[in-house]
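Heads up: take any position in the sequence shown, counting from 1, add 7, and you land on our numbering. Glycine residues also receive a C-beta, built at the ideal position from the N, C-alpha and C atoms. Here is the structure we will look at.
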Amino acid sequence: MARRNRKKDNDSKKRKILGILLILFSILLFLSLVTHSVWDDQRIKEQDNPFAIDFRNQVGTIGAFTSYLLFFFFGWLSIFLPFMLTLLAFRFLELKWRPNAAPMVWFAIFVSVLITMIFNVYKLESTAQSIGYAEGYGGYLFFHLTRLVSKIIGKTGSVILMGALIAASLVALGYRYPWLRVKFGLPVSFDINRLLRAAGRGIVGIPSFIFSLFRGDKESGTDEEYDEAPEPNGEFGEVLQASIERNEDGLSLYENDAESEPSRKEKKRARQKAAGKSAQKLASVAVGRETKDYIFPGLDLLHDNPESGPAVSPDELSFTARALRDTLETFGVTVDGQIEKYPGPIITRYQFKPAAGVKVHQITNLSDDLALALQAKRIRIIAPIPGKAAVGIEIPNRKARMVFLKDIITSDVYSDKRLQLPLALGKSISGKPFVTDLAKMPHLLIAGATGSGKSVCINSLITSLIFRLHPRELKFIFIDPKMLELSVYAGIPHLSRPVVTNSKRAEKVLSDAVGEMETRYKKLASEAVRSIHDYNAKKKNIEDKMPYIVIIVDELADMMMAAASSRIEMLITRLAQMARAVGIHLILATQRPSVDVITGLIKANFSARIGFQVASKIDSRTILDANGAEKLLGNGDMLFLQTGQPEPVRLHGAFLSGEETAQIVRFITDQFPKEEKAEGAAEKNEDGVMEDVDLGDPLFIEAAQTVIRHKQGSVSLLQRKLGIGYQRAARLIDKLEAAGIVSAYDGSKARDVLMDSSHLEKLMASRSLTDLNS
């Protein structure tokens, strides 16, 4: 194993050396082509001793001869050769950043060849007898290729063929880069691969079709009926299409089942590769999807993982296992048998069975001693491992490897059609992608200290849902008191209302969510169904289907410290208890995992929880009902407690940079004009003010000024200051609440004023108030 690892390192060094040499050669080649001179070509043809010539080429004799040969055979197209060699060099160097420009370069070469051949068509008459590269734009090779094509299909046919190929390459490039589809308005439902396959089947079937014209039997008519049958659609059609696509990489749908084991493994790898490439297509899990003009974000918007291979070398694993055994024996803990090793991107779990007579608490008390002996940052001990007669010790790797979200989204686990609301959390300690379903949780509680990776996790969860679900299938409600993390998603069509950044308005938003939940329950009762999935299955028209609603609160502590915290707790509890069946799900996050924020009622209704690094065991028990979160490493290291599982599992969260998030949001929002972005949002502007409230009372403005001036809102205040009766004052208070000026009713307490005079001026300038005062 060690010899194989050394050989791999030597191969890597050779590849990097070759990459550096290729870059140097590309620079010299480019310089020789740029400084090519016709005078040098004449001297090469005339002189017998080329080394006696003082060439004008900047790379000397070698550069003059190289550029002469390349221009003779390929013409001006040889200028692409240095760029192709540079791309190859980048692959050899294994850089963390590699330009994704290969499709662009090949497209430029292909189109340039076609354009060159079109020009050559019109030069054939005057240069039919010439074989010099100067007479043909693409050199000797493409000049004669053009002459051959023109002899076969003629001059006009050659131009038409090459023009069609240029148009087809433009379309293919547009579907390689999704942002080009948006730029040039290409249709979403168009599938270039499917078109090419259909064209190939059509060409192959021409002889059979001609033969069938001379057959008058009934069998021919039957075949024609099947040929005209429409393609399967709906969920079964999508599964069938995905199966066909996975069988394109050398797999036949009619192969014999008796295959060799290596062949099966190769086909499995081929299917995994195909599933990764078609992750976006496999996203269509909802029944009856109609995307219309919406284009799903492509995988090229996410960063590739620059590192490959195991994170820990076999030598390092063996060394750490021996050091662990020696340290345990020093403290009187004997290991029975070999120590098993499970390496991951961030940590490695060493699993062993203690000898007879060794107590478990002897091992758990050695956490700090083992960390000191092994020079580890933090060590987590699982004693015993649930379901096994073994103890696990998780030790951080000396060099951590980052987990990228693209690795999770391109995995087969994420492409599983059974997942209704897939959440790409990251990778397990063994390095396998970990994806769970929010619809089965049905709610999620996230807690961790500042800088532990909580915000990155939320962005990863949002992105994994956006990549899978259409805006008609999923709606978000974002409550972001910090005004930083979730506000970047403003304008995406998945939002049912603008991002709420005022903690005091969160109560109104949650109250509206409860009202939506009750409305949905009435719809389910009218259709005699028990869940949103059954309801949508009965609706054929997509406008009649109910989308999932995911409410994400980035900082629960700010809401729970508000004046109406008891009502907020009641609304959250009610949604958590009842909203699952109607497709409303909650994701709550906080950096203050204390009992006054994560109350008993909230905790009892959130069985799925994620704990990031915290400061103490008390905080860990508050989140997970167990110790362990205080031993995490930070930077996305988490413990995930699944619904129905007794113990949490350790995961390494997927990383999503701010640049990737901005690219995804920009890609989505660029598809819709500004007037369409506001469509479907709540009737509030970005400041949370209702714009089209039916005010209906000429005293509304004066009442608003009164409550803002006295910084409290109550019926008795309006009665005293405006000299009106109770009924009219109560109606004014209700209108002030609907306009977002005062908070909701909270028992005997006075209503909080949510707006200042500057916001009131915006409200007075709105259309509804203008109509009222006119």
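Could you give the residue range of the beta strand (DSSP E) that holds Met645? 644–648
If you drop the 5 nearest sequence neighbours on each side, which residues of the same chain put their C-beta closer than 7 Å to that of Val604? Leu563, Ala564, Met567, Thr597
Within 10 Å of its beta-carbon, does Ala535 have 16 or more other beta-carbons around it, so buried, or fewer, so exposed? exposed
Suppose the cutoff is 6 Å on Cβ atoms and the five residues either side in sequence are ignored; what does the same chain contact list for Lys552 look like? Asn543, Lys546
Helix, strand or coil for Tyr752, going by three-state DSSP, please let me know. coil
I'd like to confirm the pairing. Which residues does DSSP put opposite His659 in its beta bridges? Lys434, Asp644
How about the segment 349–368 and the segment 434–447: do they share at least three Cβ pairs that are nearer than 8 Å? yes
At least one CB of chain D closer than 8 Å to the CB of Ile558: is that the case? Going by chain labels, chain D is absent from the structure shown, which holds only one protein chain.
Using the three-state DSSP reduction, which class does Thr341 fall into: helix, strand or coil? coil
Is it buried or exposed, Tyr233, if we count other Cβ atoms within 10 angstroms and call 16 or more buried? In this predicted model, Tyr233 has a pLDDT of only 31, less than 50, meaning its place in the structure is not dependable enough to derive any value.
C-beta atoms of Val359 and Val342 nearer than 8 Å: A small fix is needed here, since residue 359 is Phe in this sequence, not Val. In this structure, Val342 lies closer than 8 Å to Phe359 by Cβ.
Please go through the same chain and pick out, in chain order, the residues whose beta-carbon is closer than 6 Å to the beta-carbon of Phe485, but skip the five residues on each side of it. Leu493, Val506, Ile559
Secondary structure of Ile392, DSSP reduced to three states: coil
Secondary structure of Glu654, DSSP reduced to three states: coil
Using three-state DSSP, classify Glu401 as helix, strand or coil. strand
Quick check for students: name the residue ranges of the beta strand (DSSP E) that lie wholly in the segment 555–600, counting only runs of 3 or more. 555–560, 591–597
Thinking C-alpha only, which one of Val722, Glu744, Leu531, Thr668 is nearest Val495? Thr668
By Cβ distance, which residues of its chain are closer than 8 Å to Ile27, with the 5 residues on each side in sequence left out? Ala96, Leu100
By the DSSP assignment, the beta strand (DSSP E) with Asp444 in it spans what residues? 440–444
According to DSSP, is Tyr75 part of a helix, a strand, or is it coil? helix
Distance check for Asn642 and Ala622, CA to CA, integer angstroms please. 14 Å
Integer Cβ distance of Ser518 from Leu578, believed to fall under 8 Å: 6 Å
Residue closest to Leu35, alpha-carbon to alpha-carbon, out of Gly67, Glu666, Val602, Leu595: Gly67
Determine the contact status of Val760 and Gln712, defining contact as a CB-CB distance below 8 Å. no
When DSSP builds the beta bridges, which residues end up paired with Gly458? Looking at the DSSP assignment, Gly458 forms no beta bridge with any residue, so it has no partner.
In the structure shown, what three-state DSSP assignment does Gln719 receive? coil
Contacts around Arg408, its chain only, beta-carbon distance under 8 Å, and the 5 residues preceding and following it disregarded: Glu314, Ala318, Pro352, Ile353
Taking Pro361 as part of the alpha helix (DSSP H), name the residues at either end of that continuous run. Unbroken run through Pro361 is the beta strand (DSSP E), 354–361; no alpha helix (DSSP H).
Continuous alpha helix (DSSP H) stretch holding Lys610: start and end: 607–612
Contact check, Val340 vs Val367, beta carbons under 8 Å: no
Inter-stretch contact (C-beta, 8 Å, three-pair minimum) for the segment 585–597 and the segment 459–472: yes
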